[in-house]
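Notes for the one structure printed next.
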Amino acid sequence: MDIRQLNAFWAVSRTGSITRAAAMLGYSQSAVTAQIKNLESAVRTRLFERRRDGVRLTPGGERFLPYANRLLRLSEEAVSALAPEAPLTGRMTIGASESLTTYRLPDVIRHFHAAHPDVHLMLRTFHEGPDHMMEALVRGDVDIALTHCIDPGPVGVPARRLAPEPLALVAPPDHPMAAGDAVTTDELRRTRTLIVQASCVYDTALRASLPGVRAVPPLQFGTIEAVKTAVRSGLGVALLPRVAVTEQLRTGELVELRWEPGVTISSYVLLGKEQDGSQLLSALDSLLDRVVREWHQPAAAHVPCDELG
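Heads up: the sequence shown is residues 1 to 309, going by full-length UniProt numbering.
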């Protein structure tokens, strides 16, 4: 096998399409197909299952993927070691929870791309919760993951805490609980709650704070934006990251109820066990250290990332 074959395998596995992989790599479709066939011949295993809507990794391809990722990363690290002053190159797939993708990562990606324009970044958003992201990290589907976890954080993968993530229990302004004092656990257990997924960390935090069975089953909406729309429509209340509802609280579309969950949530960066020493990951990790200082400052106090020491 050679690097071109591994590049083709990586691109097809990421895009699920020969056509999209060819466009990503700047090759013809026939060239990508030939590289995949040659690689399958070299490893004596069928790596992709051809389907009407594209291609999908076979079980053998799933097993081969983390090794291919490590080989490609090692190749890129070797080139960088021989030319340490040269700009960083390579590829990196970032997995992130929906709220981090929407409200925290755009500035990180913008500054990283400005500093390292030759690095090809891919972003994969997860709605299901940190466990799914950790599984993707172990499989090699993503190189680094950014997620919210209940403190003291995840187990099973190397993780570093970035910052606390304040939560807000929100409701429409005319909700009965909006006019009262602090919401009691009993009141909340008897109120319709709206959630992203049963496995998402916000519902996990809510369940941990409400011992016993909720008298009213929650409604699941799949995304934070859908949950916010449902809350505004009067369907119930929701526990969400405060950053996701800042604008709605400012305009009065939503109100924050006086209630604190019994657990705390923070953002964490997760790394695969075999990725120590990667220059790309070190560069991103360093940038996160700088940008995270801004996350909980008032907007007027924010300092451009380029000016941070």
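The C-beta atom is built at its ideal place from N, Cα and C for all residues, glycine as well. Quantities reported herein were computed from a predicted structural model and do not represent experimental measurements.
_Segments assigned beta strand (DSSP E), at least 3 residues, entirely inside the stretch 50-126_ = 54-57, 90-97 and 119-126
_Nearest neighbour of Phe48, chosen from Asn38, Gly61 and Ala42 [CA to CA]_ = Gly61
*asked:* Helix, strand or coil, according to DSSP, for Asp306 in the structure here?
replied: Reliability of the predicted coordinates at Asp306 is poor, the pLDDT of 42 falling under 50, and the value obtained from them is presented with this limitation in mind. Three-state DSSP puts Asp306 in a helix.
*Identify the residues that DSSP records as bridge partners of Thr147: which are they?*
Tyr268
_Does the structure place the stretch 109-123 close enough to the stretch 155-174 that three or more beta carbon pairs sit under 8 Å?_
no
*asked:* Please classify Ala86 as buried or exposed, where buried requires at least 16 neighbouring CB atoms within 10 angstroms.
replied: exposed
_What does the alpha-carbon distance come out to for the pair Met92 and Leu100?_
17 Å
*Okay, do the stretch 67-78 and the stretch 249-262 touch, 3+ Cβ pairs below 8 Å being the bar?*
no
*asked:* For a minimum of 4 consecutive residues, which ranges assigned as the alpha helix (DSSP H) are wholly contained in the stretch 180-240?
replied: 185-189, 201-209 and 224-232
*Can you list, in chain order, the residues of its chain whose CB lies under 7 Å from that of Leu280, leaving out five sequence neighbours each side?*
Leu88, Gly90, Met92 and Val119
*Identify the continuous alpha helix (DSSP H) that holds Arg4 and give its terminal residues.*
Ile3 to Thr15
_Nearest-angstrom Cα separation, counted from Val155 out to Thr184_ = 32 Å
*Does DSSP put Arg258 in a helix, in a strand, or in coil?*
coil
_Residue burial classification, Ala299 (beta-carbon count within 10 angstroms, cutoff 16)_ = Legend: pLDDT at Ala299 = 46, less than 50; position of this residue unreliable, value from coordinates given subsequently. The residue in question, Ala299, is exposed, as its Cβ has fewer than 16 Cβ neighbours within 10 Å.
*Which two residues bound the contiguous beta strand (DSSP E) that contains Ala31?*
Premise fails: Ala31 lies in the alpha helix (DSSP H), Gln29 to Val43, not in any beta strand (DSSP E).
*Simplified DSSP assignment, three categories, for Arg161*: strand
*Under 9 Å, do Arg52 and Leu167 count as touching if we go by C-beta distance?*
no
*Tyr67: buried (16+ other C-beta within 10 angstroms of its C-beta) or exposed?*
exposed
*Nearest to Ile18 by CA position, among Val55, Leu6, Leu39 and Asp2, is which residue?*
Val55
*Would you decide whether Leu82 is buried or exposed? Buried here means 16 or more other CB atoms lie within 10 Å of its CB.*
exposed
*Taking the C-alpha atoms as reference points, what is the distance between Asp151 and Thr264?*
6 Å
*Return the CA-CA distance between Pro304 and Asp186, expressed in angstroms with no decimal places.*
Because Pro304 sits at a pLDDT of 42, beneath the cut-off of 50, its placement in the model cannot be relied upon, and the following sentence gives the value as read from the coordinates. One C-alpha to the other measures close to 44 Å.
*Can you tell which of Ala238, Pro217, Asp174 and Val216 has its C-alpha closest to the C-alpha of Ala226?*
Ala238
*To the nearest angstrom, how far is it from the Cα of Leu137 to the Cα of Ala145?*
7 Å
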